[in-house]
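In what follows, a single structure is set out as structure tokens and then discussed.
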Amino acid sequence: MIGAAIIGAELAFWIVLVLALVCRYLLRRRRLSTIGLLCLPVIDLCLLSFVVVDLVHGAAPQPSHAFAASYLGFTVAFGHSITRWADERFAHRFAGGPKPVRPAKGSAAYVRQLWIEWLRVVLAVGLSALILFGLATVVCRQPVPHSLEQAASSPLWGQMVLLGMVTVIWFLAGPAFARVTTSTTASR
């Protein structure tokens, strides 16, 4: 059931986002568009409420509960940038806006973008960990584990360990080894 709620939340996010952009650029209803964009966080709150209600009513914590908490953290951290990304492309396609520009690989802007993205991951993981901690300790009344083995036995605590690994891998695959190359510096 939680899996369906996560899929529903993701679909609702994109449907509301597209409808808000249609209102803004095609229908020229900026206020209605703003209301639609303000509804995006409400979708996340509904998903969190659904997870809490499910756990309060006695459902055993499942990986889907943990994934929902992670989903919430990542949508809060990346929601604004995803909305901006979609807005730029929609404005270009339907309202004569400028073509979205991607920084050249190896440029200072590209390296900066990698660091900003990774910092969003850190924020997403921090928010997810807070939600998971609240679900585990307050809602499910699970004790804090004292070892990785204990953490792995609970989907909620185990997800925190997994999120830590995702953060490290994202860092190593992204900004850790990114450097400004001389060819992009010389072409400026």
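Positions 1 to 188 (the UniProt record's numbering) are the ones given, in order, by the sequence shown. By construction, the Cβ of each residue, glycine as well, lies at the ideal position given by its N, Cα and C atoms.
According to the neighbour-count rule (16 or more other Cβ atoms, all chains shown, within 10 Å of its Cβ), is residue 36 buried or exposed? If you number the sequence shown from 1, residue 36 lands on position 36. So residue 36 ends up on the buried side.
Compute the distance between the beta-carbons of residue 79 and residue 130, then report whether it is under 9 Å. Reading the sequence shown from its first residue, position 79 is the one you call residue 79. Reading the sequence shown from its first residue, position 130 is the one you call residue 130. Not closer than 9 Å, so no.
Buried or exposed for residue 34, going by 16 or more other Cβ atoms inside 10 Å? As a position in the sequence shown, residue 34 is number 34, starting the count at 1. Exposed, because fewer than 16 other Cβ atoms sit within 10 Å of the Cβ of residue 34.
Is it buried or exposed, residue 173, if we count other Cβ atoms within 10 angstroms and call 16 or more buried? Taking the sequence shown and counting its residues from 1, one reaches residue 173 at position 173. Flag for residue 173 reads exposed.
Span of the alpha helix (DSSP H), counted from its first residue to its last, around residue 181: The residue you call residue 181 lines up with position 181 of the sequence shown. Taken as a continuous stretch (DSSP letters only), residue 181 belongs to no alpha helix (DSSP H), as it is neither H nor E.
Going by C-alpha to C-alpha distance, which of 83, 51, 25 sits closest to residue 69? Counted from its first residue, the sequence shown places residue 69 at position 69. When each option's Cα is compared against that of residue 69, the closest is 51.
Would you report the Cα separation of residue 180 and residue 84, rounded to the nearest angstrom? Start at 1 with the first residue of the sequence shown, and residue 180 comes out as number 180. Start at 1 with the first residue of the sequence shown, and residue 84 comes out as number 84. Taking the straight line joining both Cα atoms gives about 25 Å.
Outcome for residue 182 when other beta-carbon atoms lying within 10 angstroms are tallied against a minimum of 16: Taking the first residue of the sequence shown as position 1, residue 182 is located at position 182. That one is exposed.
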